[in-house]
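Counting from 2, one number per residue, gives the positions in the sequence shown under this note's numbering. Taking it in order: structure first as structure tokens, then the write-up.
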Amino acid sequence: MIGLDDGVPAPLGAHFDGRGVNFALFSEHATAVDLCLFEPHERHETRTIRLPCRTDDVWHGYLRGVLPGQLYGYRVHGPWDPAAGHRFNAAKLVLDPYAREISGRIHWHDSLYGHRRGLQRPDQIDRRDSALHMPKGVVTAPEVSDLALQPLRRPLSETVIYEAHVKALTEMHPDVPEAERGTYAALAHPAIIEHLWKLGVTALELLPIQAFADDRFLVERGLVNFWGYSPLNYFAPDPRYLGETGIPGLKAAIRELNAAGIETILDVVYNHTAEADHTGPTLSFRGIDNASYYKLNPEDPRREIDCTGCGNTFDVAHPRVLQLVLDSLRHWVTAYGVAGFRFDLASSLGRAPHDFSPRAAFFQAVAQDPVLARVKLIAEPWDIGMGGYQLGGYPRGWSEWNDQFRDSVRGFWRGDRGELPKLTQGLAGSREIFAPSGRSPLASINFAASHDGYTLADVVAYEEKHNAANGEENRDGHGHNVSRNYGVEGATEDPEILALRARQVRNMLATIFLAQGVPMLLMGDERGRTQGGNNNAYCQDNSTSWMDWAQDPDPDLGLFVANLTRLRREQPGLRRRSFLDGARLDPDEALRDVHWLAPTGSEMEPEDWADADRQAFGMQIGNDHEHGDRLLILVNGAEEGCAFQLSAAIGGPWRPIFDTASPTGAVSKAHPAYREAALVDLPARTILVLAAPNGAGTGGA
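Okay, structure coming up:
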């Protein structure tokens with residue numbers, strides 16, 4: 002028998018205590034809130050209950066006799082006054098922002114909009130019921146503590162990130178049972194974990210798995226929002242990947258990844274929601290309290306401020322919205338064992354209220370939070386608003402996607418003039434970018450390809466984007482790709498072009514792993530995965546995006562990556578916690594923490610740095626480590642070979658330990674060492690890494 006009591010205003014959401022459920026919903030501007038209960042397969046609610054109490058703008062009530070599994074939603078009453086930013090419409094069922102599980106998906110229909118679409122008069126209210134077309138929240142049982150789901154605490158200096166998509170990674174793997182493919186459970190399959198483990202991956206970064214919407218314009222084209230950057234709810238895993246095992250399957254996958262020493266990082270999207278701009282649907286936040294959840298234009302509150310390119314900007318400067326974000330993040334850490342987050346368009350989170358500040362309330366709240374301060378925090382350090390590009394502008398405790406590193410790596414290896422200084426800056430940890438904020442090289446997430454843009458195989462195969470399949474006449478996607486096709490656009494059977502492309506992929510991968518900072522690998526780049534030149538495959542839930550496990554156009558490339566990660570593990574000089582700045586280790590000795598060398602063997606002079614055509618150099622590091630070797634990294638990005646003179650000042654003898662001219666990067670153990678002052682013939686477009694024991698033959702001043 003269901004009975005109604007006042008309940009309590011905290012915690013927000015629907016919480017079962019063994020006897021019933023407390024429902025609590027924040028809305029500052031509402032006048033009343035109705036709780037709607039649904040039975041499976043029923044078209045409309047079976048019971049509507051007016052929440053009896055309002056405490057500090059939280060509407061709440063306690064229902065005795067309600068059990069886990071109950072489907073529910075809300076109808077929120079209040080003013081329909083778009084000119085003042087209010088879009089309450091009780092005809093629209095809205096999803097609880099705190100729902101821990103969601104049943105069903107959006108079925109697009111005009112009744113999902115608070116206003117009448119297609120009328121000349123703007124903002125005319127639409128009073129049609131939307132419940133039939135809306136997903137519902139699900140009351141869940143209380144979380145049970147699971148020590149195996151405690152996040153791993155791997156240091157950033159030991160981290161190798163692998164960016165992947167749940168379905169794209171697992172959908173075509175022949176060893177994964179067909180019923181599990183494309184689901185959370187598939188991430189725990191031994192074949193998937195073994196692949197990551199063999200590569201040397203320590204962190205699996207998943208594209209969004211918080212519940213998201215397939216945008217209507219995509220559905221009408223027969224497409225979906227495959228990447229998931231259209232959030233609907235921040236607490237519930239997206240239902241499309243639940244499979245037969247449901248939420249326990251996701252928790253089991255994270256638990257198994259933990260057991261293999263692989264952290265789980267989630268890509269999260271707190272900058273905007275699926276409700277788009279003022280012409281968009283009423284699905285959750287807009288109908289609950291539009292003026293609280295979104296940044297509105299102060300000169301025209303009927304419109305949202307759009308710093309994201311997606312129609313709206315979530316107003317994390319509002320205390321209750323900030324609370325929701327923090328509660329959500331803690332939930333993923335404590336209930337699922339997530340070890341960190343990558344924040345999409347993170348600059349929007351630091352707009353306080355409109356201009357970015359590293360002292361914004363969000364950053365301060367995370368820094369003092371006992372749960373969140375211990376996890377990995379990675380920013381995509383830009384949005385599209387004014388002053389949104391903030392690479393290097395984030396506070397201590399944060400790392401950032403370093404797009405300048407990406408572009409300098411691509412530019413140098415395709416032969417662009419003047420890229421050598423930028424490349425060496427990245428190799429040294431991007432001190433000029435991150436040191437002013439008091440951070441270390443570990444603030445730099447180094448990559449050459451990500452989900453957003455070309456795969457690495459496409460960087461060396463396409464010079465123009467090929468996005469026609471997205472249905473936007475190839476207008477979508479970035480035009481700045483810093484790529485080269487080496488003579489043929491796309492696929493070719495020319496052995497010389499294929500060999501050159503394979504070498505360039507290896508050079509870019511090696512640059513990522515030899516640089517100071519945290520390396521990131523895009524799913525499939527270890528297998529030559531191509532998207533056919535599509536640099537914006539966000540809506541391609543098909544073989545364009547899926548990992549092809551049957552075909553491997555470059556079978557040695559996976560071992561090449563594994564050898565790179567092993568090299569990084571074995572050499573402390575590649576995993577520094579402080580910046581290289583060229584300082585002498587001892588005033589009386591010649592050795593520095595880094596030597597930048599010209600092919601003549603002498604240290605780079607100002608005229609060498611100013612030479613825009615210079616494409617060969619050496620980087621000697623590791624002199625200040627008690628363990629591991631001293632390293633000499635010789636780089637030749639030119640189209641011709643280079644004779645590199647080893648300097649007596651940096652000592653020797655030097656033994657080759659990694660070579661991008663080798664398909665696997667391996668160097669024969671029989672290869673002789675180079676004596677001091679020897680001449681090294683460095684082939685075109687090659688990186689050769691040499692090592693010498695610390696303390697051996699370091700030369701004099």
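Every residue, glycine too, gets a C-beta built ideally from N, C-alpha and C.
CB of residue i within 8 Å of CB of residue j, strictly
| i | j | result |
| --- | --- | --- |
| Ala729 | Arg303 | Nothing in the structure corresponds to residue 729, since the chain is present only between 2 and 702. |
| Leu558 | Arg528 | yes |
| Ala366 | Leu327 | yes |
| Ile446 | Trp402 | yes |
| Pro320 | Val270 | no |
| Cys54 | Gly119 | no |
| Leu200 | Thr566 | yes |
| Phe645 | Ala429 | no |
| Gln510 | Phe448 | The question names Gln, yet the displayed sequence has Leu at residue 510. Cβ distance not < 8 Å, so Leu510 and Phe448 don't count as in contact. |
| Lys423 | Ile266 | no |
| Leu421 | Phe618 | yes |
| Pro143 | Phe17 | yes |
| Ile255 | Gly338 | yes |
| Ile289 | Leu36 | no |
| Thr661 | Arg507 | yes |
Counted within 10 angstroms of its Cβ, other Cβ atoms place residue i as buried (16 or more) or exposed
| i | result |
| --- | --- |
| Arg20 | exposed |
| Thr171 | buried |
| Asn298 | exposed |
| Gly389 | buried |
| Ala702 | Since pLDDT at Ala702 reaches only 28, below the 50 mark, its modelled position is unreliable, and the value read off the structure follows with that caveat. Exposed, by the Cβ-count rule. |
| Thr56 | exposed |
| Arg686 | buried |
| Met521 | buried |
| Gln125 | exposed |
| Pro694 | exposed |
| Arg343 | buried |
| Met387 | exposed |
| Thr283 | buried |
| His332 | buried |
| Asp739 | Missing from the structure shown is residue 739; the chain here goes from 2 to 702 and no further. |
| Val59 | buried |
| Asp526 | buried |
| Thr699 | At Thr699, the pLDDT of 49 sits below 50, so the modelled position is not reliable and the matter cannot be decided from this model. |
| His190 | buried |
Top-ranked residue by Cα proximity to residue i, from the options
| i | options | result |
| --- | --- | --- |
| Gln71 | Phe24, Ala33, Asp147, Pro53 | Phe24 |
| Gly623 | Trp597, Asn272, Asp682, Ala462 | Trp597 |
| Tyr114 | Tyr185, Thr280, Phe236 | Thr280 |
| His30 | Ile3, Ala671, His78, Leu68 | His78 |
| Asp345 | Ala368, Asp356, Ser400 | Ser400 |
| Asp553 | His174, Val95, Thr47, Arg117 | His174 |
| Tyr63 | Ile3, Ala685, Arg44 | Ile3 |
| Ile498 | Met509, Arg507, Asn508, Asn486 | Asn486 |
| Gln616 | His626, Pro600, Glu604 | Pro600 |
| His61 | Pro69, Tyr75, Leu68 | Tyr75 |
| Thr512 | Thr425, Trp547, Tyr463 | Thr425 |
| Val139 | Arg287, His273, Pro98 | Pro98 |
| Gln572 | Glu159, Gly223, Phe406 | Glu159 |
| Asp370 | Ala347, Thr335, Ile385 | Thr335 |
| Ala275 | Cys311, Thr665, Gly419 | Cys311 |
| Gln532 | Gly518, Val519, Trp547 | Trp547 |
| Ala639 | Ile107, Ala347, Arg44, Gly419 | Gly419 |
| Ala503 | Ala192, Thr545, Asp477, Val460 | Val460 |
| Tyr295 | Glu490, Glu245, Ser349 | Ser349 |
| Thr493 | Val483, Asn482, Tyr463, Gly472 | Tyr463 |
Assumed close pair residue i, residue j - CB separation to whole angstroms, cut-off 8 Å
| i | j | result |
| --- | --- | --- |
| Thr141 | Glu179 | Thr141 to Glu179, Cβ: 28 Å. No contact. |
| Leu205 | Ala165 | 6 Å |
| Glu264 | Thr203 | 6 Å |
| Leu647 | Val681 | 6 Å |
| Gln728 | Ile651 | A question about residue 728 goes unanswered here, because the residues of the chain that appear run from 2 up to 702. |
| Asn637 | Leu683 | 4 Å |
| Arg51 | Leu38 | With 8 Å as the limit, Arg51 and Leu38 do not qualify as a contact, their Cβ atoms being about 13 Å apart. |
| Leu94 | Ala132 | 4 Å |
| Ala261 | Ile162 | Going by Cβ atoms, the distance from Ala261 to Ile162 rounds to 15 Å, so no, they are not a contact pair. |
| Leu515 | Leu575 | 6 Å |
Any contact of the stretch 524-540 with the stretch 224-239, i.e. 3+ C-beta pairs under 8 Å? At 8 Å Cβ cutoff, the stretches touch.
Counting beta carbon pairs with one atom in the stretch 623-633 and one in the stretch 681-695, are three or more of them shorter than 8 Å? Taking 8 Å as the limit for Cβ pairs, the verdict is that the stretch 623-633 does touch the stretch 681-695.
Mind the definition here: the stretch 434-447 touches the stretch 396-415 only if three or more C-beta pairs lie below 8 Å; say whether that holds. Remark: three or more beta-carbon pairs, one from each stretch, lie closer than 8 Å, so the stretch 434-447 and the stretch 396-415 are flagged as touching.
Does the stretch 348-357 come close enough to the stretch 410-420 that 3 or more CB-CB pairs lie under 8 Å? Segments in contact, no.
Taking 8 Å as the cut-off, does the stretch 361-381 touch the stretch 315-329 (at least 3 CB pairs, one atom from each stretch)? As far as the Cβ criterion goes, the stretch 315-329 touches the stretch 361-381, which means the pair count is three or higher.
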